[in-house]
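See structure below.
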Amino acid sequence: MATREVKSGVYSVGAIDWDREFFDELIPLPDGTSYNAYIIKGTEKTALIDTVDPTKGEDLIKNLKGPGVEKLDYIISNHAEQDHSGTIPKMLDLYPEARVITNEKCKDFLKNLLLIPNERFIVINDGNTLSLGNKTLKFTFTPWVHWPETMVTFLMEDKILFSCDFFGSHLATSSLFAEEGEKLLESAKRYYAEIMMPFRTSIRKNIEKISELEIEMIAPSHGPIYKNPAFIIDAYKEWISDEVKNEVVIPYVSMHGSTEKMVSYFVDLLIQRGITVKPFNLSKNDIGELAMALVDAATVVMATPMVLAGAHPKAVYAAYLANAFRPKTKFISVIGSYGWGGRFIDQLKGLLGNLKAELLEPVVVKGYPDEEDLKALERLANEIVEEHRSIGVM
Ligand code: FEO
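As structure tokens, this is what we get:
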């Protein structure tokens, strides 16, 4: 990615990773990602805000030639995860006078993860400012968005918030600035669902905290820059709220068609009753799609056959992830089929312990579902309608 001017004296110098397929070897990235870094040239000092993933270090070095960075005084580290910090050691080699500006917790992480020596750091506290001459940086600690040390940096004169992961999106695009629309919203939601959703309460507090800043632009470290901060802040406010939607998410797996028959019958029952249904075939779907659906749904119904004396391993994996994402789901249930025995209700219930959700009576059938079994699915569909009405979503 070429160097680009964001505003006078502020340059985007990061890298686009068009081909990255997974993040943390877990999360699919259908649209790639970017590692944004920014140069701020003041009349007296020059600062680099974050760096890039070490696989793209050469891009950053090349891009620093754009604004002609001869001398780098400060490297601001908002977050220690290596996709932003991993090129700091290289920068410290290239610019021997540079110091890393960060908080105490982040400094500890950087020393552990990247073996950066103590003398290269300057530690700042929440609310501290740093003058670059005609430009001033203000640091605000925003813990647990999504690590304990995360912070944001505000360029006071230009009113730009450098938010690192906060408000980011896994989206490789040649557009420097956000093109508001469904595509961007989906990338941001995917990012939120997989990285931020477990920390809803912390995000709520931190959105309140940064509302004290007069933000005119948000420059995250993944995805495009927002000239209209309300677009992404309002989306976050909806996602972190306690409000759920009239939706049922059904992650399912089927081996010989019995569970699939139950799912297809159940999906129709819910549709007939006016509920939005999102079935996810765990043998085919990207887990990121499931994570996004979990952001808003009132109810999750896991569907699995019994195999190896328990739930299918794909259902176990989905339940484990759903539990780790900590969505605001209000109701859960399980449907499925077994041949000769096994216990998957208690197993799945145990795996979903983080969800503050009520368990609706599961429907477990022996073999292929018969008329009685289909009636049991109607009972569950009616119960979901009642519960959704009771919380006012239908
Ligand atoms: Fe983009 Fe938490 O790293």
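Take the sequence shown: its position 118, counted from the start at 1, is 328 in my numbering, and no numbers get skipped.
Ideal Cβ placement from N, Cα and C applies to all residues, glycine included.
Would you mind reading off the limits of the beta strand (DSSP E) that contains Asp227?
Ala225 to Asp227
Just to check, is the beta-carbon of Ser431 closer than 7 Å to a non-hydrogen atom of the ligand FEO?
yes
Quick one, which of Ile450, Ile249 and Leu587 has its alpha-carbon nearest Gly182's?
Because the chain spans 211 through 604 in this model, residue 182 falls outside it and cannot be assessed.
Looking at C-alpha atoms only, which residue of Gly467, Glu457, Met465 and Arg414 is the closest neighbour of Asp444?
It is Arg414 whose Cα lies nearest to the Cα of Asp444.
Assign Ala640 to one of two classes, buried (16 or more other C-beta atoms within 10 Å of its C-beta) or exposed (fewer than that).
Any property of residue 640 remains undetermined from this structure, which presents the chain solely from 211 to 604.
Just to be sure I understand the criterion: a residue counts if its Cβ is closer than 5 Å to at least one heavy atom of the ligand FEO. Which residues meet that?
Going along the chain, the residues that qualify are Glu291, Asp293 and Asp375.
In the DSSP output, what is Cys374 paired with across the bridge?
Pro430
Identify whether Phe554 lies in helix, strand or coil by the three-state DSSP scheme.
coil
Rounded to the nearest angstrom, what separates Lys272 and Ser493 at their Cα positions?
42 Å
By Cβ distance, which residues of its chain are closer than 8 Å to Glu597, with the 5 residues on each side in sequence left out?
Ala508, Thr509, Lys540, Phe541, Glu568 and Leu570
Going by C-alpha to C-alpha distance, which of Asp293, Leu365, Ile326 and Ile332 sits closest to Tyr221?
Nearest option by C-alpha distance: Leu365.
In the structure shown, what three-state DSSP assignment does Arg536 receive?
coil
Distance check for Pro434 and Phe232, CA to CA, integer angstroms please.
Rounded to the nearest whole angstrom, the CA to CA distance from Phe232 to Pro434 is 19 Å.
Is Tyr221 helix, strand or coil when you go by DSSP?
strand
Starting from Ser474, trace the alpha helix (DSSP H) in both directions and tell me its first and last residue.
Ser468 to Gln482
Suppose contacts are defined by Cβ-Cβ distances below 8 Å. Is Ser468 in contact with Tyr578 by that definition?
Taking C-beta atoms as the reference points, Ser468 and Tyr578 count as a pair closer than 8 Å.
With a threshold of 16 other CB atoms inside 10 Å of the CB of Arg589, please say whether the residue is buried or exposed.
Arg589 comes out exposed.
Which of the three DSSP states, helix, strand or coil, is assigned to Val216?
strand
What are the start and end residues of the alpha helix (DSSP H) that includes Met502?
Going by DSSP, Met502 is part of the alpha helix (DSSP H) stretching over Ile497 to Leu504.
Taking 8 Å as the threshold (C-beta atoms), are Tyr402 and Tyr446 in contact?
yes
Quick test of your reading: Ala247 and Asp260, contact by CB under 8 Å. State the CB separation rounded to the nearest angstrom.
5 Å
Compare the C-alpha of Asn416 against each of Ala534, His432 and Phe376 and name the closest.
Phe376
Tell me where the beta strand (DSSP E) around Asn491 begins and ends.
Thr486 to Asn491
Find the nearest neighbour of Ala513 within the set Ala528, Met502, Glu499 and Val505, judged by alpha-carbon distance.
Ala528
List the endpoints of the continuous beta strand (DSSP E) containing Tyr436.
From DSSP, Tyr436 is part of no beta strand (DSSP E); its letter is neither H nor E.
Tell me the DSSP bridge mates of Glu568?
Phe541
What separation, rounded to the nearest whole angstrom, lies between the Cα atoms of Ile285 and Pro408?
Between Ile285 and Pro408, the C-alpha separation is close to 29 Å.
In this structure, does DSSP put Pro299 in helix, strand or coil?
helix
To the nearest angstrom, how far is it from the Cα of Pro572 to the Cα of Asn564?
19 Å
Counting only beta-carbon separations shorter than 8 Å, does Asp336 have a partner in chain D?
Given the protein chain composition of this structure (a single chain), no chain D is represented.
Could you pull the start and end residues of the alpha helix (DSSP H) that Ala398 belongs to?
Glu392 to Tyr401
Rounding to the nearest angstrom, what Cα-Cα distance links Lys488 and Met301 in this structure?
Their Cα atoms are separated by approximately 46 Å.
How is Arg414 classed by DSSP in three states: helix, strand or coil?
Correct three-state label for Arg414: helix.
Report yes if the C-beta distance between His289 and Cys374 is below 8 Å; otherwise report no.
yes
Taking Leu282 as the reference, which of Gly296, Ala257, Lys275 and Leu270 has the closest Cα?
Ala257
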